[in-house]
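Enquirer: Encoded as structure tokens, here's the structure I'll be asking about.
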Amino acid sequence: MNNEQLKERILGLVPDAEFQENKQFLTFLIPPARLHALAQKLRDEEDLAFDFLFCLTGVDLIKQLMVIYHMESTRHKHQLVLKVQTEDRLNPAFDTVCDLWKTAEFHEREVYDLLGIRFNNHPDLRRIFLDEDWKGHPLRKDYTDEVNIVEL
Amino acid sequence: MKEVVNLPVKNIEEEEYHINMGPQHPSTHGVLRLVVSLQGEIVKSLKPHCGYIHRGIEKMCEKDTYPQIIHLTDRMDYLSAHINNHAVCMLVEKALEVEVPERVKYIRTIIDELNRIASHQLWWCSFGMDMGGLTCFFYGLRDREKILDIFEESFGSRLLHSYYTPGGLMMDIHPNFQKSVKDFIVYFRKKIKDYDDLLTGNIIMQERTKGVGILSKEDAVSYGVTGPSGRGSGFSCDVRKNHPYGVYDKVEFNEILMHEGDTFARYMVRMHEMHESMKIIEQLIDNIPAGDYSVKMKAVLKLPAGEYFQRVEAARGELGVYVLSDGNKTPFRMKFRSPNFSNLSALDHISRGGKIADLVAIGGSLDYVIPDIDR
């Protein structure tokens, strides 16, 4: 499917998807409550078949926290970028997609470790790089560390 | 007379126990710790503990300019340093809409492939050593030295090059470059036969790898196992074919696919890939167009606000670079989708039910580089 067809197909699944301008990929933002149901359809429906999640990124947008899913279909070769974001900086949480794409298990642990975003129903949500007793989440824009970060 | 005390003997075959493999263990190829849960010598489950060499490269990138970031990417997967540089350079060029000269594309493609061969040579020699054949280690390093000599001749460094810059190359290739590369290919074509004689045909090695650590195609896609490890399971994931960059669309080469998904298949994919890389280099080395080795770039590179993504085929799989720019000279957020990180996530799944000795072979065939996992 080309991007125009994909766009219509996704609007049929999630009418409140908010499309963003991007030269490379079809990019859209959806409400977090719809994430898991849509991800399931994107993976399972014959004409979509997004079976390869090639990147999962967490971003701190200062006001919001965002998670980006880059996915591709190995059968149809089309790609898209799915985004969810929340304004809750104290207890940010999204549904996990690691039951759909197993690679998400490690990537979500990384996002939790470095940005403090929790993933509901994740089987093993622990820090992956930093120590268990590390304070704070370093990729947050408001993170400060006077010992390890040298400001020039 | 002394009384004989019968101490209770625990049956090690029935009870589950844990062994720490690493962080200092030769077969983990770096500082990776695997907590292996065993019953007898059967692996029940396995938990990788990463982060021993986590340097926060993504956080550092937020404070660095794009030309500075290139130097950090060398230090992720240091065995495919050129290819990591290539990803960032292409991303910056794409964002600034700069078209690099054909000469640059040719040279970059040739050097990427030389880098891939060097990386596979080091993989082969350490894999042989994991299997108990120390001779492999000497053979592999001896031949890798030839490539490092070519690199040294052309741009002075052997491991962490940072040779590519946004817009081109740091300097032109050495006048001897073409001859050295052609000599190397003649030399290595002969030597790679030794590799097959020494290890590929070895019955002990085959017994230890065939049918061991099977990863199905579905799981390879789901775990995001890319590169030679994914192609050993039949997952067609070669970025050079699917999303060509450089001059990969102008050369003929095969994407090596094996369908067994076991350790031996992953081994064979890499062995064939070395031949394919030599084929690519041969098609390009005599046709490097004349021209500039770099285009004039601004002194301070500011990417227009927006999101950019660049995928390349590193020696171990797909490297993705994501940049969210707010229009400044430093990225707002930079993310590296490193191939080894995803490949490692499959290790637990494929080593379950095997012997602990198989774990060494499986780990060797996944060919992980720890600084690329931890970043």
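Going down the list, the sequences are from chains A and B.
Using the working numbering, you'd call the opening residue of the first sequence number 1 and step up by one each time.
Using the working numbering, you'd call the opening residue of the second sequence number 1001 and step up by one each time.
Glycine included, each C-beta is placed from N, C-alpha and C at the ideal position.
(1) So which residues on chain B does residue 57 of chain A lean against when the C-beta distance must stay under 7 Å?
(2) Taking Cβ-Cβ distances shorter than 7 Å, what residues in chain A pair up with residue 1341 of chain B?
(3) Could you tell me which of A:139, A:75, A:148 sits nearest to residue 1335 of chain B, measuring between CA atoms?
(4) Measuring CA to CA, which of B:1070, B:1077, B:1037 is closest to residue 1054 of chain B?
(5) Residue 1123 of chain B: buried (16+ other C-beta within 10 angstroms of its C-beta) or exposed?
(6) Please decide whether residue 1374 of chain B counts as near chain A, where near means a Cβ-Cβ distance under 8 Å.
(7) Measuring only between beta-carbons, confirm whether residue 64 of chain A sits less than 8 Å from chain B.
(8) Among B:1325, B:1074, B:1233, which one has its Cα closest to the Cα of residue 1258 of chain B?
(9) Let me confirm a value: residue 27 of chain A is counted as buried when at least 16 other C-beta atoms fall within 10 Å, else exposed. Which label applies?
(10) Which residues does DSSP pair with residue 83 of chain A in a beta bridge?
(11) Inspect the beta-carbon positions of residue 1356 of chain B and residue 1102 of chain B and report whether they are closer than 8 Å.
(12) Give, in chain order, every residue of the region 1131-1146 of chain B whose Cβ lies closer than 7 Å to some Cβ of chain A.
(13) Starting from residue 1367 of chain B and walking both ways along the alpha helix (DSSP H), at which residues does that stretch end?
(14) Kindly confirm or deny that the region 16-36 of chain A and the region 45-54 of chain A touch, where touching means at least three C-beta pairs closer than 8 Å.
(15) If we ignore side chains and look at the alpha-carbon of each, how far apart do residue 1247 of chain B and residue 1155 of chain B end up?
(16) Just the C-alpha distance for residue 1205 of chain B and residue 1072 of chain B, rounded to the nearest angstrom, thanks.
(17) Can you find the residues in the same chain that come closer than 6 Å, C-beta to C-beta, to residue 87 of chain A, ignoring five residues on each side of it along the sequence?
(18) Quick check on the burial criterion: 16 or more other C-beta atoms within 10 angstroms. Buried or exposed for residue 1085 of chain B?
(19) Is the shortest distance between the beta-carbon of residue 40 of chain A and the beta-carbons of chain B less than 8 Å?
(20) DSSP three-state label for residue 1069 of chain B, please.
(21) Give the single residue among B:1105, B:1039, B:1237, B:1111 whose Cα lies nearest to the Cα of residue 1161 of chain B.
(22) Cutting at 6 Å between CB atoms, please list the residues of its own chain near residue 1031 of chain B, excluding the five before and the five after it.
(23) Could you pull the DSSP bridge partners for residue 1020 of chain B from this structure?
(24) Do residue 1104 of chain B and residue 1169 of chain B have their beta-carbon atoms positioned less than 8 Å apart in this structure?
(25) Relative to the C-alpha of residue 45 of chain A, which candidate in A:62, A:30, A:9 has its C-alpha closest?
(26) Using beta-carbon positions only, say whether residue 1209 of chain B and residue 1263 of chain B come within less than 8 Å of one another.
(27) Please report the distance separating the alpha-carbon of residue 1091 of chain B from that of residue 1311 of chain B.
(28) Would you say residue 24 of chain A faces chain B, with C-beta separation under 8 Å as the test?
(29) Considering Cα atoms alone, identify which of B:1058, B:1033, B:1057 is closest to residue 1046 of chain B.
(30) Can you pull the chain A neighbours of residue 1221 of chain B, defined as C-beta to C-beta under 8 Å?
(31) If we define contact as Cβ-Cβ less than 8 Å, is residue 1224 of chain B a contact residue for chain A?
Expert: Judging by the given coordinates:
(1) As a first step, residue 57 of chain A must be located in the first sequence, where it is residue number 57. Ordered by position in chain B, the residues that pass the 7 Å Cβ test against residue 57 of chain A are 1322, 1335.
(2) The count along the second sequence starts at 1 and reaches residue 1341 of chain B at position 341. Ordered by position in chain A, the residues that pass the 7 Å Cβ test against residue 1341 of chain B are 106.
(3) Here residue 1335 of chain B is taken as the residue at index 335 of the second sequence, counted from 1. The residue from A:139, A:75, A:148 with its alpha-carbon nearest to that of residue 1335 of chain B is A:139.
(4) Stepping through the second sequence from its first residue, residue 1054 of chain B is reached at position 54. The shortest Cα separation from residue 1054 of chain B among B:1070, B:1077, B:1037 belongs to B:1077.
(5) By one-based count along the second sequence, residue 1123 of chain B stands at place 123. Using a 10 angstroms sphere on the CB of residue 1123 of chain B, the tally of other CB atoms reaches 16 or more, which defines it as buried.
(6) Sequence index remark: in the second sequence, residue 1374 of chain B carries index 374 (1-based). Interface criterion met: the Cβ of residue 1374 of chain B is under 8 Å from a Cβ in chain A.
(7) Position 64 of the first sequence, counted from the first residue, corresponds to residue 64 of chain A. No, its Cβ sits nowhere closer than 8 Å to a Cβ of chain B.
(8) Here residue 1258 of chain B corresponds to residue number 258 of the second sequence, with the count starting at 1. For residue 1258 of chain B, the closest C-alpha among the options B:1325, B:1074, B:1233 is that of B:1233.
(9) Working through the first sequence from its first residue, we reach residue 27 of chain A at position 27. Answer is buried; the Cβ neighbour count reaches 16.
(10) In the first sequence, residue 83 of chain A corresponds to position 83, counting from 1. BP columns for residue 83 of chain A point to A:29, A:68.
(11) If you number the second sequence from 1, residue 1356 of chain B lands on position 356. If you number the second sequence from 1, residue 1102 of chain B lands on position 102. Cβ atoms of residue 1356 of chain B and residue 1102 of chain B: not closer than 8 Å.
(12) So the list is empty, because no residue satisfies the distance condition.
(13) Here residue 1367 of chain B corresponds to residue number 367 of the second sequence, with the count starting at 1. For residue 1367 of chain B, no alpha helix (DSSP H) run applies, since DSSP gives it neither H nor E.
(14) Short answer: they don't touch.
(15) Walking along the second sequence from the start, residue 1247 of chain B turns up at place 247. Walking along the second sequence from the start, residue 1155 of chain B turns up at place 155. Rounded to whole angstroms, the separation of the alpha carbons of residue 1155 of chain B and residue 1247 of chain B is 22 Å.
(16) In the second sequence, the residue the question calls residue 1205 of chain B occupies position 205. In the second sequence, the residue the question calls residue 1072 of chain B occupies position 72. As the crow flies, the alpha-carbon of residue 1205 of chain B is around 37 Å from that of residue 1072 of chain B.
(17) Residue numbering aside, residue 87 of chain A sits at position 87 when the first sequence is read from its first letter. Counting only Cβ-Cβ distances below 6 Å, and skipping sequence neighbours, we find 64.
(18) Against the second sequence, residue 1085 of chain B aligns to sequence position 85. Residue burial is scored here from C-beta neighbours: residue 1085 of chain B has at least 16 other C-beta atoms within 10 angstroms and is therefore classed as buried.
(19) As a first step, residue 40 of chain A is located in the first sequence; it is residue number 40 there, counting from the start. It does not; no Cβ of chain B falls within 8 Å.
(20) Position 69 of the second sequence holds residue 1069 of chain B. Note: residue 1069 of chain B maps to helix in three-state DSSP.
(21) Sequence index remark: in the second sequence, residue 1161 of chain B carries index 161 (1-based). Out of B:1105, B:1039, B:1237, B:1111, B:1111 has the C-alpha closest to the C-alpha of residue 1161 of chain B.
(22) One-based indexing of the second sequence puts residue 1031 of chain B at position 31. Result list for residue 1031 of chain B: 1023, 1052, 1053, 1370, in chain order.
(23) In the second sequence, the residue the question calls residue 1020 of chain B occupies position 20. For residue 1020 of chain B, which the question treats as bridged, DSSP gives the partners B:1035.
(24) The residue labelled residue 1169 of chain B in the question sits at position 169 within the second sequence. The residue labelled residue 1104 of chain B in the question sits at position 104 within the second sequence. Yes. Within cutoff.
(25) Translated into the one-based positions of the first sequence, residue 45 of chain A becomes position 45. The option with the nearest alpha carbon to residue 45 of chain A is A:9.
(26) As a working mapping, residue 1209 of chain B is identified with position 209 in the second sequence. As a working mapping, residue 1263 of chain B is identified with position 263 in the second sequence. Contact: yes.
(27) The residue labelled residue 1091 of chain B in the question sits at position 91 within the second sequence. The residue labelled residue 1311 of chain B in the question sits at position 311 within the second sequence. Those two C-alpha atoms are separated by around 9 Å.
(28) Within the first sequence, numbered from 1, the residue matching residue 24 of chain A stands at position 24. Yes, residue 24 of chain A counts as interfacial toward chain B.
(29) On the second sequence, residue 1046 of chain B is found 46 positions in, with the first residue counted as 1. Looking at B:1058, B:1033, B:1057, the one whose alpha-carbon comes closest to that of residue 1046 of chain B is B:1033.
(30) Position 221 of the second sequence, counted from the start, is the residue given in the question as residue 1221 of chain B. In chain order: 51, 52, 74.
(31) Locating residue 1224 of chain B in the second sequence gives position 224, counting from the first residue. For residue 1224 of chain B, the nearest beta carbon of chain A is closer than 8 Å to its own beta carbon.
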